[in-house]
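Residue numbers (my numbering): 302 to 797.
This is the structure in structure tokens:
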């Protein structure tokens with residue numbers, strides 16, 4: 302016989318969501334700063350079908366040992382997002398790494414696990430980077446890139462889902478993993494593609510002069526003509542011309558070369574890496590003198606090429622030109638390094654104000670604990686994406702600085718998630734002269750240092766000073782003798 306006393310003290314049965322949290326705690330937890338999320342799951346406000354799919358995906362992705370769930374239920378209009386309806390979950394942490402973007406994921410070694418997990422969801426029928434019109438969707442690094450808006454500079458070059466995976470499911474049934482007839486899991490799909498790759502435009506037997514636009518993913522004779530023009534001007538394809546030229550495909554290397562050309566030869570155009578009509582016409586109508594000048598700027602003198610060496614960085618061989626780029630390990634030794642890396646770009650001319658100049662000015666307090674990569678600033682061929690090849694596997698870039706011409710390399714990074722971004726009397730691209738500097742951006746500048754044909758750069762520095770008065774940017778320092786050492790010594794504690 303059941304006594305009333307037993308009924309009263311009997312523990313209430315756990316909800317389905319609470320039981321799910323208990324059953325998956327070996328691989329799935331909720332981030333500590335998202336305490337409300339736990340309650341939403343326990344109270345059944347989050348789709349149990351979606352939660353079950355997440356468990357299935359994690360348990361069937363060998364490279365993923367654990368994840369943490371972040372945001373679930375949020376306020377908002379259900380027709381704008383699936384979070385308010387409890388049909389979406391965000392995953393900001395994989396294998397204990399709270400990744401900030403794809404570059405950070407690569408530096409911390411969690412990128413492959415991230416991609417493997419996304420691929421598992423794709424095998425389960427989730428639409429990749431397309432939610433509207435799809436009952437099940439997964440959004441990751443490359444979803445919904447913002448175009449540059451001068452009124453909203455903070456949105457430029459940012460992926461909305463760069464620091465988390467968004468998973469949503471409107472259905473009422475769980476999703477099995479797509480398997481072969483023998484029961485084995487099908488191989489993961491190739492998901493590491495940009496959105497433009499899925500919309501390839503083929504340009505065949507059309508001369509470049511008849512094309513209004515070429516973009517990443519396009520292929521054909523017009524692309525080959527574009528690539529040939531860029532190669533003649535000395536723009537490097539970081540992995541060599543190789544198959545990309547043979548296939549006549551507008552790939553990442555072509556996009557980077559076009560972007561470099563736009564940034565340095567089309568002052569009034571916002572560089573995007575897409576070859577629009579203005580870019581194409583400029584390339585086709587360069588004078589002989591202009592071609593010679595651009596080629597000289599892009600190619601190393603013969604005496605510099607002879608100085609190339611092979612340097613070992615964490616077991617990988619790289620060609621390093623000592624006058625163009627110099628990698629310095631922390632002088633503190635392996636045990637006292639803080640496993641962070643500073644990238645600093647120098648000024649022009651490189652043989653006077655490049656890596657050698659910067660090494661001489663670097664405070665010992667910084668070089669003691671940080672790995673440092675010194676880079677020439679007057680070349681268009683050393684973007685941060687290329688510099689990342691030289692960063693040791695156990696180090697991560699957390700600080701970037703540009704002096705003089707090197708500022709051209711830093712301004713495009715100004716909205717990225719670096720702990721310290723420095724600008725030392727920089728050359729300011731026109732598109733950035735009205736920028737409002739965030740708290741992690743530090744700058745010294747003196748407009749009077751830029752005179753004659755460079756006076757427009759001084760005017761841009763003055764505009765930045767006027768728009769960021771709380772930053773105390775103006776410093777009456779000489780450009781070449783004082784700016785770099787004064788800046789590095791002032792901010793060395795923040796750089797470290």
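Don't be surprised by glycine CBs; every beta carbon is placed ideally from N, CA and C.
At least three beta-carbon pairs within less than 8 Å, the segment 726-734 to the segment 746-754: Cβ pair count under 8 Å is three or more, so yes.
Residue closest to residue 670, alpha-carbon to alpha-carbon, out of 629, 718 and 676: Of the candidates 629, 718 and 676, the one whose C-alpha sits nearest the C-alpha of residue 670 is 629.
Within 8 Å, strictly: CB atoms of residue 737 and residue 769: Here residue 737 is near residue 769, since their CB atoms are less than 8 Å apart.
Beta-carbon gap between residue 639 and residue 697 smaller than 8 Å: Against a cut-off of 8 Å, the Cβ pair of residue 697 and residue 639 comes out as no contact.
Segment limits, alpha helix (DSSP H) that includes residue 767: Annotation: the continuous alpha helix (DSSP H) that includes residue 767 extends over 756-768.
Residue 432 classed as buried or exposed, judged by whether at least 16 other C-beta atoms fall within 10 angstroms: Flag for residue 432 reads buried.
Span of the alpha helix (DSSP H) around residue 435: For residue 435, there is no enclosing alpha helix (DSSP H), since its DSSP letter is neither H nor E.
Residue 584 versus residue 530 - alpha carbon distance: Approximately 7 Å between the Cα atoms of the pair.
Buried or exposed (CB count within 10 angstroms, at least 16 for buried), residue 526: Label assigned to residue 526: buried.
Simplified DSSP state of residue 591, which is helix, strand or coil: Under the three-state reduction of DSSP output, residue 591 falls in the helix class.
Contacts around residue 399, its chain only, beta-carbon distance under 7 Å, and the 5 residues preceding and following it disregarded: Excluding residues within five positions, the ones whose Cβ falls inside 7 Å are 393.
Ranges of the alpha helix (DSSP H) found wholly within the segment 632-707, counting only runs of at least 4: Fully enclosed alpha helix (DSSP H) runs of 4 or longer: 651-654, 656-662, 665-670 and 685-688.
Test item: CB-CB of residue 402 and residue 365 under 8 Å: No, these two residues do not count as a Cβ contact at 8 Å.
Beta-carbon separation (whole angstroms), residue 347 vs residue 371, contact threshold 8 Å: With a Cβ gap of about 12 Å, residue 347 and residue 371 do not count as contacting.
contact_flag[the segment 579-599, the segment 676-689] where n(CB pairs < 8 Å) is 3 or more: A contact exists between the segment 579-599 and the segment 676-689.
Residue of 743, 469, 732 and 666 minimising C-alpha distance to residue 701: Comparing C-alpha distances from residue 701 to each of 743, 469, 732 and 666 shows the shortest one belongs to 743.
Where residue 790 falls, given that 16 or more other Cβ within 10 Å makes a residue buried: Looking at its Cβ environment, which holds fewer than 16 other Cβ atoms inside 10 Å, residue 790 is exposed.
Inter-residue CB distance, residue 321 and residue 352 (contact presumed, cutoff 8 Å): For residue 321 against residue 352, the beta-carbon gap comes to about 6 Å, under 8 Å, which counts as contact.
Straight-line Cα distance separating residue 508 from residue 410: Going from the Cα of residue 410 to the Cα of residue 508 covers about 44 Å.
Per-residue burial, residue 533 [other beta carbons within 10 Å of its own, 16 or more giving buried]: Sixteen is the threshold: since fewer than 16 other Cβ atoms of the shown chains lie within 10 Å of the Cβ of residue 533, the residue is exposed.
Closest residue to residue 718 among 658, 741, 535 and 515 (Cα-Cα distance): For the set 658, 741, 535 and 515, the Cα lying nearest the Cα of residue 718 is the one of 741.
Reference residue 587, options 567, 524, 362 and 331, closest by Cα: Closest by alpha carbon: 567.
Coil, strand or helix - residue 778 by DSSP: DSSP places residue 778 in coil when its eight states are reduced to three.
Opposing strand residues paired with residue 386 [DSSP bridges]: Answer by DSSP bridge pairing: none, since residue 386 is not bridged.
Cross-strand partners of residue 598 (DSSP beta bridge): The beta-bridge partner set that DSSP reports for residue 598 is empty.
Cα-Cα separation, residue 520 to residue 512: Rounded to whole angstroms, residue 520 to residue 512 spans 12 Å at the Cα level.
Simplified DSSP assignment, three categories, for residue 738: Looking at residue 738 - three-state DSSP - the assignment turns out to be coil, as it is neither helix nor strand.
Cβ shell of residue 477 (< 8 Å), same chain only, five flanking positions each side left out: Here the set comprises 357 and 425.
Residue 556 to residue 796 span [Cα, whole Å]: So the alpha carbons of these two residues sit roughly 32 Å apart.
Buried or exposed by the 16-neighbour rule on C-beta atoms within 10 Å, applied to residue 650: Exposed.
DSSP three-state assignment for residue 550, whether helix, strand or coil: Residue 550 sits in a strand when the DSSP states are folded into three classes.
Close Cβ partners of residue 654 (< 6 Å) along its chain, the five nearest in sequence each way excluded: Cβ neighbours of residue 654 beyond the five flanking positions: 647 and 648.
Residue 469: first and last residue of the uninterrupted beta strand (DSSP E) it sits in: Taken as a continuous stretch (DSSP letters only), the beta strand (DSSP E) holding residue 469 covers 466-470.
Burial state of residue 337, where buried means 16 or more other Cβ atoms lie within 10 Å: So residue 337 counts as exposed.
Cutoff 7 Å; reference residue 603; Cβ partners in own chain excluding five residues on either side: With a pLDDT of 43 at residue 603, under the threshold of 50, the modelled position of that residue is not reliable, and the figure given next carries that caveat. In its chain, beyond the 5 residues on either side, no residue has a beta carbon closer than 7 Å to the beta carbon of residue 603.
Distance between residue 412 and residue 591 (C-alpha atoms, nearest Å): The straight-line gap from Cα to Cα measures roughly 42 Å.
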